[in-house]
Each structure stands twice: as C-alpha cells, then as structure tokens.
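Position 36 of the sequence shown, counting from 1, maps to 35 under numbering that gives the first Met the number 0, and the rest follow consecutively.
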Amino acid sequence: MISKTRMKTDLVGQSVLLTAVIILLLAGLYWPWGIIAFSSLAMWQVGSAVHLAVSYEYRERYFFLKVFALLLLALPLKIWLAGEWSIALLGVLASAYFWATLRDTVIVLERPRSFWDLQ
C-alpha cells in the first residue's frame, strides 16, 4: 500500500519543480536555467514512476515510462524536424504525469486509515 507521506513528498517535489519551470519560461530564461529545471522535473518524474512501478507494482506508471522513453528516443529526430517545439511534447507528458500524481495523492489521502498504516 502506497503511504500518504510518499505521495505528499512526490506531489510537493513535482509542484516546486513545475513552478520553477513555469517561472523560468515566463521570465524568458530558456537556456541554461530553463533546461536545467525541466530536466530536473523529468528526472524526478521518471524516478517516481520507476519507484511506483517496481516497488508497488503500480501498472498505470508503466504507460508513462513507455511514452517518456519513446519521446526521449525520438528527441533528436524531433529537434531536427521541429526545432524547439519538439520539447513541447515532453512538457505535455510532464503535465499529464503531474495531474496523475495529484489525482493519486487525493485518492490516497481519502483512503481510510488502517491500523497498520503508521505514517
């Protein structure tokens, strides 16, 4: 069973990194700070998805891992064809993963507390 603390930590970390990406993009700081913040968010989300998929056998996260791997492998071709706009697909995936984490956190927080759930 996924703990409430784990989901809260994941949601807060993603919120902070996503807010940093949005602020840097609105400020016009694409390089290098925007790339660093976006890469940090992507690494956090991939780590979170791998942890949930492997440790808790949460099958929904495998979809995000497969799509992220596909987009990452196709990134050189996308950059050659579409330029900077190819990063937008990764941004859409990052936003979708954030909303999935938010939904799952709400579900975990509404779960009745069991005797064995000490967190």
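Every residue gets a Cβ at the ideal spot worked out from N, C-alpha and C, and that includes glycine.
Any idea what DSSP makes of residue i, helix, strand or coil?
i	result
R5	helix
P31	helix
R60	helix
V102	The amino acid occupying residue 102 in the given sequence is Arg; Val does not appear at that position. Residue state, collapsed to three classes: helix.
M42	helix
Y96	helix
Starting from residue i, follow the alpha helix (DSSP H) in both directions and report where the run begins and ends.
i	result
A73	Counting along the chain, A73 falls outside any alpha helix (DSSP H), and DSSP gives it neither H nor E.
S131	In this structure the chain extends from 0 to 118, so residue 131 is not present and cannot be described.
So, under 8 Å CB-CB, residue i and residue j are touching, yes? Tell me the CB distance rounded to an integer number of Å.
i	j	result
L64	A48	5 Å
A19	A41	Not really, about 13 Å apart at Cβ, beyond 8 Å.
M6	T104	4 Å
L25	W32	Actually they do not touch by this definition, with Cβ atoms about 12 Å apart.
L108	K3	6 Å
Under 7 Å Cβ to Cβ from residue i, same chain only, skipping five residues before and after it: list those, please.
i	result
L70	L88, L89, L92
A52	R60, Y61, L64
W43	G12, Q13, L16
F97	Q13, L17
Could you confirm whether any beta carbon from chain D is found closer than 7 Å to the beta carbon of residue i?
i	result
S54	The question asks about chain D, but that chain is absent: this structure has only one protein chain.
Leaving out five residues on either side along the sequence, give the residues of the same chain with a beta carbon under 8 Å from the beta carbon of residue i.
i	result
A99	E59, F63
Excluding the five sequence neighbours on either side, which residues of its own chain have a C-beta within less than 6 Å of the C-beta of residue i, listed in chain order?
i	result
S85	K77, I78
V15	none
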